[in-house]
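Report on one structure; see the data block that follows.
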Amino acid sequence: MPELPEVETTLRGIAPWVCGQRITSIVVRQRQLRYPVPRTLAATLDGTRIESVTRRAKYLLLHTQRGTLILHLGMSGSLRVLDAEVPVQKHDHIDIVLDNGKCLRLRDPRRFGALLWTSADPARHRLLRDLGPEPLSAAFSGEYLCEHARGRRVAVKTYIMDSRIVVGIGNIYANEALFLAGIRPQRAAGRVSLQRYQQLASAIKAVLNQAIAEGGTTLRDFTASDGRPGYFRIRLNVYDRAGEPCPNCGEPISQMRLGQRSTFYCKRCQR
DNA sequence: CCCGATTCCTGTAGGC
DNA sequence: TGCCTACAGGAATCGG
Numbered sequence: 050m051p052e053l054p055e056v057e058t059t060l061r062g063i064a065p066w067v068c069g070q071r072i073t074s075i076v077v078r079q080r081q082l083r084y085p086v087p088r089t090l091a092a093t094l095d096g097t098r099i100e101s102v103t104r105r106a107k108y109l110l111l112h113t114q115r116g117t118l119i120l121h122l123g124m125s126g127s128l129r130v131l132d133a134e135v136p137v138q139k140h141d142h143i144d145i146v147l148d149n150g151k152c153l154r155l156r157d158p159r160r161f162g163a164l165l166w167t168s169a170d171p172a173r174h175r176l177l178r179d180l181g182p183e184p185l186s187a188a189f190s191g192e193y194l195c196e197h198a199r200g201r202r203v204a205v206k207t208y209i210m211d212s213r214i215v216v217g218i219g220n221i222y223a224n225e226a227l228f229l230a231g232i233r234p235q236r237a238a239g240r241v242s243l244q245r246y247q248q249l250a251s252a253i254k255a256v257l258n259q260a261i262a263e264g265g266t267t268l269r270d271f272t273a274s275d276g277r278p279g280y281f282r283i284r285l286n287v288y289d290r291a292g293e294p295c296p297n298c299g300e301p302i303s304q305m306r307l308g309q310r311s312t313f314y315c316k317r318c319q320r
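Numbering (the numbering used here) for the first sequence: 50 to 320.
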């Protein structure tokens, strides 16, 4: 499931192949994703050049002369650069065919992904306008987290997974960052000290940066079939390790549900 | 505003 | 071996 580091890796992988290319055609085999793919896409984009590719939260933005394609990988989506004639497989829903003979192919078995279009400023789009800061930006800090948490009783794990507070932190990295910061996931967000929020912000930046760095090691092979996500390469301390010994103290890792999400933590190391 | 629950979807794993 | 159920997850949306 692509989290922010996987999306960043995808961005770096596709950018050299698509920037400056013109779109020859768009093939939509499955229109029903998280939102219906607009029917007008092919007509709007035919012949348009892709100027640049950027990322906001887990959205990839393909900026063209006429507007911006907004693409989300959901939880099972992958985007690869292939020769246009490579046969499609199951769940290959969309091809964006380029005039260099390549195509951007979206595969998404669970169809939680999205492909939308805006001719206006993408930052003002409904899906993007209320997003919080990027976790790797200077605007994201322990002070920021502490400030916005005042009076809030929601669990701190749910709080940091709220994209209005900070973007790009999915379940895996939320669990890992809270472990590194020594904070119990179910603690009320408003009852975490500034000092611990500073540790948490550092931990979030550290796990994301590490995963991006590991993801970068797969970039050379990106046009092949396996862009292996970064988190398969980093050592996960607690996620999906219920009952296994805590890497710090040996206590068995606990599992609980928080906001309908599996939550893993060490009862001794996280308070 | 705040918060918890529900919803979309399909592949996989576990129980019997 | 196969059927059935539960679960995984991002994030919008709904109801209290």
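Backbone N, C-alpha and C define an ideal beta-carbon position, used for all residues, glycine too.
query                                                                                               : result
Residue range of the unbroken beta strand (DSSP E) whose run includes Tyr314                        : Arg310 to Tyr314
For Asp157 and Ile143, the rounded distance between their alpha carbons                             : 9 Å
Per-residue burial, Glu225 [other beta carbons within 10 Å of its own, 16 or more giving buried]    : buried
Cβ separation of Arg201 and Ala262, assumed to be a contact under 8 Å, to the nearest whole Å       : Arg201 to Ala262, Cβ: 33 Å. No contact.
Arg78 to Arg160 span [Cα, whole Å]                                                                  : 12 Å
Rounded straight-line distance, which links the Cα of Cys152 to that of Gly219                      : 29 Å
Beta-bridge partners of Ser101, as assigned by DSSP                                                 : His112
Residue interval of the alpha helix (DSSP H) (run including Ile209)                                 : Val205 to Ile209
Anticipated Cβ contact below 8 Å, Leu185 with Leu82, distance rounded                               : Wrong, their Cβ atoms sit about 27 Å apart, outside the cutoff.
Distance between Glu57 and Val287 (C-alpha atoms, nearest Å)                                        : 23 Å
Collapsed DSSP secondary structure at Ser89 in the structure displayed                              : Correcting the residue identity first, residue 89 is Thr in this sequence and not Ser. Coil.
Assigned exposure category for Gly150 - 16 Cβ within 10 Å defines buried                            : exposed
Residue range of the alpha helix (DSSP H) that includes Cys295                                      : Cys295 -> no alpha helix (DSSP H), and no H or E assigned at all.
C-beta atoms of Leu128 and Leu110 nearer than 8 Å                                                   : no
Sufficient close CB pairs (3 or more, under 8 Å) joining the stretch 302-319 to the stretch 242-259 : no
Opening and closing residue of the alpha helix (DSSP H) in which Ile143 lies                        : Run containing Ile143: none in the alpha helix (DSSP H); it sits in the beta strand (DSSP E), Asp141 to Leu147.
Collapsed DSSP secondary structure at Ala163 in the structure displayed                             : strand
Exposure of Met305, with buried meaning 16 or more beta-carbon neighbours within 10 Å               : exposed
Three-way DSSP call (helix, strand, coil) for Ala223 in this model                                  : helix
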